[in-house]
Amino acid sequence: MHFERSAGVLLHVTSLPGACGIGDLGSGAYRFVDWLAEAGQSWWQILPLGLPGEKDANIPYYPQSSWAGSPLYVSFEELVKAGDLTAQELRGAKVAHGSKIRYAGVKAVRRRLLAKAAKRFFDRQDDREIADYKRFCRQESYWLEDWALFTAAKKHFPGKSWWQWPGALAQHEAGALKTYRRELAELIAVEKYIQFRFFEQWDCLRSYAKKKAVRLIGDVPVYCAHDSADIWANRNMFKVDRKGRALKVGGVPPDYFSKTGQLWGNPVYNWPANRADRYRWWIARLRGLLRTVDVVRVDHFLGFNRYYEIPARAKTAINGRWVKGPGDDLFKAIYRELGDVPFIAEDLGVITPAVIALRDRWQLPGMRVLQFAFGGDPRKNEHLPIWHTPHSVVYPGTHDNDTCVGWYKHASPQEKEAFRRYVGSDGRRPHLDMMRLALASVANLAVVAMQDVLGLDSSARLNTPGVLKDNFNYLWKLVPKQLSKESARRLRELTATYGRLAK
Numbered sequence: 019m020h021f022e023r024s025a026g027v028l029l030h031v032t033s034l035p036g037a038c039g040i041g042d043l044g045s046g047a048y049r050f051v052d053w054l055a056e057a058g059q060s061w062w063q064i065l066p067l068g069l070p071g072e073k074d075a076n077i078p079y080y081p082q083s084s085w086a087g088s089p090l091y092v093s094f095e096e097l098v099k100a101g102d103l104t105a106q107e108l109r110g111a112k113v114a115h116g117s118k119i120r121y122a123g124v125k126a127v128r129r130r131l132l133a134k135a136a137k138r139f140f141d142r143q144d145d146r147e148i149a150d151y152k153r154f155c156r157q158e159s160y161w162l163e164d165w166a167l168f169t170a171a172k173k174h175f176p177g178k179s180w181w182q183w184p185g186a187l188a189q190h191e192a193g194a195l196k197t198y199r200r201e202l203a204e205l206i207a208v209e210k211y212i213q214f215r216f217f218e219q220w221d222c223l224r225s226y227a228k229k230k231a232v233r234l235i236g237d238v239p240v241y242c243a244h245d246s247a248d249i250w251a252n253r254n255m256f257k258v259d260r261k262g263r264a265l266k267v268g269g270v271p272p273d274y275f276s277k278t279g280q281l282w283g284n285p286v287y288n289w290p291a292n293r294a295d296r297y298r299w300w301i302a303r304l305r306g307l308l309r310t311v312d313v314v315r316v317d318h319f320l321g322f323n324r325y326y327e328i329p330a331r332a333k334t335a336i337n338g339r340w341v342k343g344p345g346d347d348l349f350k351a352i353y354r355e356l357g358d359v360p361f362i363a364e365d366l367g368v369i370t371p372a373v374i375a376l377r378d379r380w381q382l383p384g385m386r387v388l389q390f391a392f393g394g395d396p397r398k399n400e401h402l403p404i405w406h407t408p409h410s411v412v413y414p415g416t417h418d419n420d421t422c423v424g425w426y427k428h429a430s431p432q433e434k435e436a437f438r439r440y441v442g443s444d445g446r447r448p449h450l451d452m453m454r455l456a457l458a459s460v461a462n463l464a465v466v467a468m469q470d471v472l473g474l475d476s477s478a479r480l481n482t483p484g485v486l487k488d489n490f491n492y493l494w495k496l497v498p499k500q501l502s503k504e505s506a507r508r509l510r511e512l513t514a515t516y517g518r519l520a521k
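This is the structure in structure tokens:
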């Protein structure tokens with residue numbers, strides 16, 4: 019993937035200014051696309067669109083399905099337009115605009131109203147809509163059937179992970195699948211309806227963005243949540259035992275983000291089994307994602323060269339080990355089946371010459387993060403702008419970093435001095451200095467987190483890696499007034515100054 023010189027903004031769907039407590043695919047999303055166009059931006063980068071596991075602290079990189087969209091993002095406003103909800107029901111779901119998401123309340127309202135919307139949809143028996151719904155179910159059956167039964171069974175067996183279900187169902191045996199599809203038919207229909215409306219709304223939003231010359235950068239998590247439809251239905255592709263319990267889990271060793279490393283808890287892949295199956299699961303996963311976005315950021319790219327696996331019972335990531343990944347073999351299969359897939363390699367972390375060689379053989383742009391640029395030896399720091407290359411993507415910070423204001427406040431005296439000396443600044447507006455560095459870089463694509471466009475402090479940080487607590491990460495969201503003409507004008511002016519305006 020070779021980008022033209024351009025710019026974009028990183029904002030996850032949850033952080034859109036939704037009227038019902040969380041960002042969704044309604045008017046707030048369309049307003050953000052309009053704002054991007056006004057600001058001269060060519061790209062909107064999002065995080066994974068799936069629903070995180072119940073015990074996974076709202077982290078989108080722990081999806082319960084690699085295909086299904088999160089029910090949290092289905093717009094109630096759009097359901098009112100479709101006739102599935104009433105205006106009164108919408109008013110009852112609205113909450114005062116705030117900058118933090120309260121997930122427990124949001125999820126409770128979603129469950130109740132989406133079930134009500136599904137019932138009204140099926141009761142209405144509109145021939146055209148039912149035909150569209152059935153067509154969607156047929157076209158997406160390769161993942162939808164497992165997903166709908168999985169989520170219905172989660173409701174039927176509350177609080178239990180799939181490996182704690184009755185044996186035959188936990189083992190994904192054909193007879194049990196048939197029995198429970200019959201017994202849970204009503205719940206399954208609701209789940210299929212939710213996915214039907216999600217992708218209908220997403221397709222409309224994507225078409226609107228395309229008309230505004232805004233393209234979408236999506237994200238493929240390297241792993242799946244253990245308690246997911248993916249692993250339940252495809253356990254031979256992962257390192258789990260016969261009962262579904264994890265044997266080895268993913269993570270990273272101690273690094274910049276965490277002294278004890280990151281223990282992700284996701285079962286790692288059984289790569290020999292994936293290879294024997296000609297990587298069909300991975301290819302189907304990417305084909306599904308490319309239906310929703312224009313470019314795919316490959317999370318944890320280094321894991322395809324070698325990955326860090328940790329015993330499932332470990333309490334930290336300190337005692338893991340590096341294991342050889344699939345490397346070129348996987349990418350040959352992907353490109354053979356899908357053609358020239360537009361990838362961005364998230365090549366951060368413990369990067370070896372072999373990782374760089376894998377990235378460059380497939381001509382994938384890597385990532386440069388300016389918050390990493392001002393520590394250590396400047397002659398060897400590839401994140402420093404003097405070492406950037408055109409075939410790369412530059413960020414002041416990603417969703418895993420503090421905001422630039424927060425970063426500067428907590429930076430060491432040496433980092434602050436190096437930063438001020440490099441940019442010729444007094445450090446009073448570090449977010450603007452970082453934006454200028456990114457937009458001025460020779461990297462063909464520059465992406466700025468929305469929090470940095472607005473100059474927000476650490477209270478707007480989206481994620482702190484290694485912290486798995488409910489009500490801690492992925493809480494921040496925009497309020498409508500922040501999508502102002504003034505903020506769009508300022509970003510457009512900077513984007514034009516450095517030759518990145520949308521064409």
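For the sequence shown, counting from 1, position 334 maps to 352 in this note's numbering; every step adds exactly one.
Using N, Cα and C, we set each Cβ at its ideal position, and we do this for glycine too.
Close beta carbons around residue i, own chain, < 6 Å, minus the five adjacent residues each side
| i | result |
| --- | --- |
| A37 | K112 |
| P46 | It should be noted that the sequence gives Gly, not Pro, for residue 46. Only L34, P35, G36 meet the Cβ criterion. |
| L455 | L388, P403 |
| V460 | H406, P408 |
| V124 | G39, I40 |
| Q63 | G26, L28, I235, V465 |
| R138 | D102 |
Residue i versus the options, residue with shortest Cα-Cα distance
| i | options | result |
| --- | --- | --- |
| K196 | V208, Y211, A166 | A166 |
| V238 | R156, E163, F361, N254 | F361 |
| R331 | G268, D42, Q219 | G268 |
| A464 | K499, Y241, R438, T407 | T407 |
| P483 | T278, M255, A100 | T278 |
| L356 | A302, G345, T104, A391 | A302 |
| V485 | L54, V51, F21, A75 | A75 |
| R296 | G185, R354, L455, D475 | R354 |
| L3 | D273, V466, G306, H190 | Past the edges of the chain, shown from 19 to 521, lies residue 3, and the structure says nothing about it. |
| N252 | R309, V411, S84, L307 | S84 |
| T513 | E56, V31, A429 | E56 |
| V411 | D451, E433, A478, L457 | L457 |
| N462 | E218, P383, M468, T416 | P383 |
| V313 | E364, Q469, E327, R263 | E364 |
| E163 | H190, R146, D144 | H190 |
| C422 | G26, K398, G473 | G473 |
| A231 | G26, R447, E147, L108 | G26 |
| R479 | A429, V208, D418 | D418 |
| A294 | R138, Q432, W250, D347 | D347 |
| D395 | A436, T416, L265 | A436 |
Contact under 8 Å by Cβ, residue i with residue j
| i | j | result |
| --- | --- | --- |
| P66 | P81 | yes |
| S505 | V471 | yes |
| V385 | P414 | Strictly speaking, residue 385 in this sequence is Met, with Val absent from that position. No. |
| R315 | S60 | no |
| I352 | W300 | yes |
| R518 | S117 | no |
| V373 | L304 | no |
| G71 | D248 | no |
| N288 | F319 | no |
| V92 | L43 | yes |
| Y226 | V31 | no |
| N495 | G41 | In the sequence on display, residue 495 carries Lys and not Asn. Taking 8 Å as the Cβ cut-off, K495 and G41 qualify as a contacting pair. |
| I336 | P272 | yes |
| A194 | A186 | yes |
| F214 | F140 | no |
| G306 | W220 | no |
| Q97 | A135 | Per the sequence shown, residue 97 should be read as Leu rather than Gln. The answer is yes: Cβ separation under 8 Å. |
Bridge partner(s) assigned by DSSP for residue i
| i | result |
| --- | --- |
| S117 | According to DSSP, S117 bridges with nothing at all. |
| L281 | G269 |
| G384 | S410 |
| E327 | G268, R339 |
| Q63 | L28, I235 |
| A464 | A25, V412 |
Anticipated Cβ contact below 8 Å, residue i with residue j, distance rounded
| i | j | result |
| --- | --- | --- |
| V311 | I212 | Going by Cβ atoms, the distance from V311 to I212 rounds to 20 Å, so no, they are not a contact pair. |
| I206 | A170 | 5 Å |
| E433 | F392 | 5 Å |
| G343 | E327 | In fact, because the Cβ distance is near 10 Å, the residues do not count as touching under 8 Å. |
| A520 | G58 | 5 Å |
| D420 | Y79 | The Cβ separation is near 18 Å, so there is no contact. |
Chain-order list of residues whose beta-carbon lies under 7 Å from that of residue i (same chain, five-residue window excluded)
| i | result |
| --- | --- |
| W282 | Y241, V267, G268, G269 |
| G345 | F322, N323, L376 |
| G262 | W180, W181, A188, R253 |
| F367 | This sequence places Gly at residue 367; Phe is not what is there. These residues qualify, in order along the chain: V270, D273, L320. |
Close-in-space but distant-in-sequence residues of the same chain around residue i (CB under 8 Å, 5 per side omitted)
| i | result |
| --- | --- |
| R536 | For residue 536 there is no data in the structure shown, the boundaries of the chain being 19 and 521. |
| Y48 | L223, Y226 |
| I369 | L320 |
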